[in-house]
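Be aware that the sequence shown starts at 39, since it is given in the numbering used here, and climbs by one per residue.
Note that CB positions come from ideal geometry on N, CA and C, so glycine has one too.
Bear in mind that the values here come from a model prediction, so they are computed numbers and not experimental data.
See below for the structure under consideration.
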Amino acid sequence: MHDSVSRHLALTGACNFRDLGGYPGANGRPVRWRQLFRSNHLGLLTETDIAQIRTLGVKTAFDLRGVSERLPTLCCVDDIEVHSLPIEPAIYSALTSHVASGQPLTADDAAEMMRDSYRDYVRNNTPAFRQLMTHLLEDHAPLVIHCTAGKDRTGFACAMVLSALGVAHELVVTDYLLTNQFYRLDPVTDKSIPLPDDIKAVLVSVETSFLDAAFAAVREDFGDLENYLAEGLGVGPSERRELQARYLDRDIT
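Take a look at the structure:
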């Protein structure tokens with residue numbers, strides 16, 4: 039398994055379900071396959087999807103959706119333990135405020151709102167991501183991290199996980215951008231975005247500039263990524279070694 043196709047699991051009800059395995063981490067040791075997954079929500083899975091997830095041995099899900107946001111599409115795999123780590127989708131309140139102001143809304147406006155939401159992950163939602171990292175240091179794998187689309191909150195979370203495992207930044211970005219290859223709006227989510235197509239296209243995709251905005255906020259507020267991992271997320275040198283021992287293969291491939 040060495041490419042984006044093999045890391046993507048073709049689930050009918052979760053189009054963005056992907057394996058984080060295979061990327062070279064600390065000392066060249068690759069991230070273990072079939073341990074860490076990322077996805078959009080798990081509320082529309084078919085029976086075939088559920089059987090496939092059970093075959094993978096997934097036993098834990100970390101749901102980053104807001105408190106009320108998650109209710110219409112709760113995880114439908116009854117033997118998965120779900121941990122709710124709510125991060126409210128600030129982008130929608132920003133859009134609502136902008137429209138209410140009477141100002142025209144452009145695709146560029148939407149993109150800047152997306153960048154603001156990524157800055158917000160660092161400045162206002164670090165405690166939730168810290169909880170996730172704490173859980174990852176425990177025995178929860180195989181596990182899946184998800185939100186609604188599996189692209190923004192999940193994208194930032196997985197960028198932090200891969201970074202803590204020593205994966206090079208360019209590969210972190212490569213994984214992040216795979217959402218554009220696989221994600222498609224589901225009927226439930228589509229109904230919640232009554233916007234022009236050009237603006238909706240921004241909201242349902244990812245751009246390097248979005249993730250860059252989060253990393254810039256990390257540098258501005260914490261100095262560098264290592265300080266953010268340690269001070270913000272509770273992943274200092276010893277915790278990084280523990281994560282790497284748990285989620286990296288022992289041998290270099």
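Taking residue 256 as the reference, give the member of 219, 158 and 288 with the closest Cα. For the purposes of this step, residue 256 is taken as residue 218 along the sequence shown, with counting starting at 1. Closest option to residue 256, Cα to Cα, is 158.
Between the C-alpha atoms of residue 75 and residue 98, what's the straight-line distance to the nearest angstrom? Stepping through the sequence shown from its first residue, residue 75 is reached at position 37. Stepping through the sequence shown from its first residue, residue 98 is reached at position 60. So the two alpha carbons sit approximately 10 Å from each other.
In whole angstroms, what is the alpha-carbon distance linking residue 67 and residue 58? Numbered from 1 along the sequence shown, position 29 holds the residue referred to as residue 67. Numbered from 1 along the sequence shown, position 20 holds the residue referred to as residue 58. If I take the Cα positions, the gap works out to 14 Å.
What does the Cβ neighbour count give for residue 69, buried or exposed, with the cut at 16 atoms within 10 Å? As a working note, residue 69 is residue 31 in the sequence shown. Buried, by the Cβ-count rule.
Leaving out the 5 sequence neighbours to the left and right, which residues in its chain are closer than 7 Å to residue 163 when beta-carbon positions are compared? Residue numbering aside, residue 163 sits at position 125 when the sequence shown is read from its first letter. Cβ neighbours of residue 163 beyond the five flanking positions: 125.
Report all residues from its chain with a CB closer than 7 Å to the CB of residue 172; omit the five preceding and five following residues, and keep chain order. The residue labelled residue 172 in the question sits at position 134 within the sequence shown. Same-chain partners within the cutoff: 272.
Looking at the unbroken alpha helix (DSSP H) that takes in residue 83, where does it start and where does it end? For this step, residue 83 is matched to residue 45 along the sequence shown. Per DSSP, residue 83 belongs to no alpha helix (DSSP H) and is neither H nor E.
Using 10 angstroms around the beta-carbon of residue 207, count the other beta-carbons present and answer buried if the total reaches 16, otherwise exposed. Indexing the sequence shown from 1 puts residue 207 at position 169. Answer is exposed; the Cβ neighbour count stays below 16.
Grouping DSSP H, G and I as helix and E and B as strand, with all else coil, what is residue 199? As a first step, residue 199 is located in the sequence shown; it is residue number 161 there, counting from the start. Helix at residue 199.
Taking residue 245 as the reference, give the member of 217, 288 and 232 with the closest Cα. As a first step, residue 245 must be located in the sequence shown, where it is residue number 207. Checked all of 217, 288 and 232; the closest Cα to residue 245 is 217.
Okay, do the stretch 170 to 184 and the stretch 272 to 285 touch, 3+ Cβ pairs below 8 Å being the bar? yes
Endpoints, alpha helix (DSSP H) assigned at residue 122: Your numbering for residue 122 matches position 84 in the sequence shown. Note, residue 122: premise wrong, no alpha helix (DSSP H); beta strand (DSSP E) at 119 to 122.
Per DSSP, which residues does residue 77 bridge with? Please list them. The residue you call residue 77 lines up with position 39 of the sequence shown. Beta-bridge pairing links residue 77 to 184.
If you draw a straight line from the alpha carbon of residue 142 to that of residue 237, how long is it in whole angstroms? The residue given as residue 142 occupies position 104 in the sequence shown. The residue given as residue 237 occupies position 199 in the sequence shown. So the two alpha carbons sit approximately 12 Å from each other.
For residue 112, count the other beta carbons within 10 Å of its own beta carbon; 16 or more makes it buried, fewer makes it exposed. Which is it? Position 74 of the sequence shown, counting from 1, holds the residue named residue 112. It counts as exposed.
Quick check on residue 67: does DSSP put it in helix, strand or coil? For the purposes of this step, residue 67 is taken as the residue at position 29 of the sequence shown. In this structure, residue 67 counts as coil in the three-state DSSP scheme.
Please report how far the alpha carbon of residue 204 lies from the alpha carbon of residue 139, in whole angstroms. On the sequence shown, position 166 is the one that residue 204 refers to. On the sequence shown, position 101 is the one that residue 139 refers to. Taking the straight line from one Cα to the other gives about 44 Å.
Sort out for me which residues DSSP pairs residue 26 with in a bridge. Here the chain covers residues 39 to 291 and nothing more, so residue 26 does not appear.
Alpha carbon of residue 211 to alpha carbon of residue 150, nearest angstrom: Here the question's residue 211 lines up with position 173 in the sequence shown. Here the question's residue 150 lines up with position 112 in the sequence shown. Rounded to the nearest angstrom, the two C-alpha atoms are 19 Å apart.
Alpha carbons only, please: which of 286, 50, 235 and 104 is nearest the one belonging to residue 121? Here residue 121 is taken as the residue at index 83 of the sequence shown, counted from 1. Comparing Cα positions, the closest option is 104.
With DSSP as the reference, label residue 43 as helix, strand or coil. Locating residue 43 in the sequence shown gives position 5, counting from the first residue. Model confidence at residue 43 stands at a pLDDT of 47, short of 50, so the residue's coordinates are unreliable; what they give is reported in the following sentence. The answer is helix: DSSP assigns residue 43 an H, G or I state.
Option nearest residue 266 by Cα separation, candidates 165, 116 and 153: Taking the sequence shown and counting its residues from 1, the one referred to as residue 266 is at position 228. Selected option, being the one with the closest Cα: 165.
Local Cβ density within 10 Å of residue 135, reported as buried at 16 or more and exposed below that: For the purposes of this step, residue 135 is taken as residue 97 along the sequence shown, with counting starting at 1. It counts as exposed.
Using three-state DSSP, classify residue 239 as helix, strand or coil. Counting from one through the sequence shown, the residue named residue 239 turns up at place 201. It is helical.
Give me the Cα-Cα distance between residue 132 and residue 200, rounded to the nearest whole angstrom. The sequence position of residue 132 within the sequence shown is 94, counting from 1. The sequence position of residue 200 within the sequence shown is 162, counting from 1. Approximately 29 Å between the Cα atoms of the pair.
Expressed to the nearest angstrom, what Euclidean distance is found between the alpha-carbon atoms of residue 183 and residue 44? Locating residue 183 in the sequence shown gives position 145, where the first residue counts as 1. Locating residue 44 in the sequence shown gives position 6, where the first residue counts as 1. Each residue's Cα considered, the two are about 18 Å apart.
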